[in-house]
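Right, one structure below, let's go through it.
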Amino acid sequence: MIEQALLEILRCPIGKVKLKEENNFLVCTRCGLKFPIKDGIPVILLDEAVLPEGVKHISEIKCAKKQ
Ligand SMILES: [Zn+2]
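So for the sequence shown, my numbering puts the first residue at 43; every next one is plus one.
Okay, here's the thing in structure tokens:
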């Protein structure tokens with residue numbers, strides 16, 4: 043489990059949106075980008091991120107698009 047205090051300050055690096063914990067990943071609540079939690083430490087790096095289902099390139103995620 044990630045500490046709530048840490049979860050509060052971590053953000054999706056693209057959209058600056060909050061993340062939620064889900065099955066050993068931290069998932070962006072807007073774009074669905076998934077960041078792995080390795081040995082209890084969240085790795086908030088785009089190189090390590092898993093794209094949401096149906097998305098082939100990082101430029102297609104919601105956080106990468108202008109509102
Ligand atoms: Zn995002």
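The C-beta atom is built at its ideal place from N, Cα and C for all residues, glycine as well.
When DSSP reads this structure, R72 sits in no beta bridge, so it has no partner.
Shortest Cα-Cα distance from G57 to any of D81, L75, P94 involves L75. For L61, the enclosing beta strand (DSSP E) has its first and last residue at 61-64. The nearest non-hydrogen atom of ligand 1 is less than 7 Å from the C-beta of I56.
In this structure, V59 has its beta carbon less than 7 Å from a heavy atom of ligand 1.
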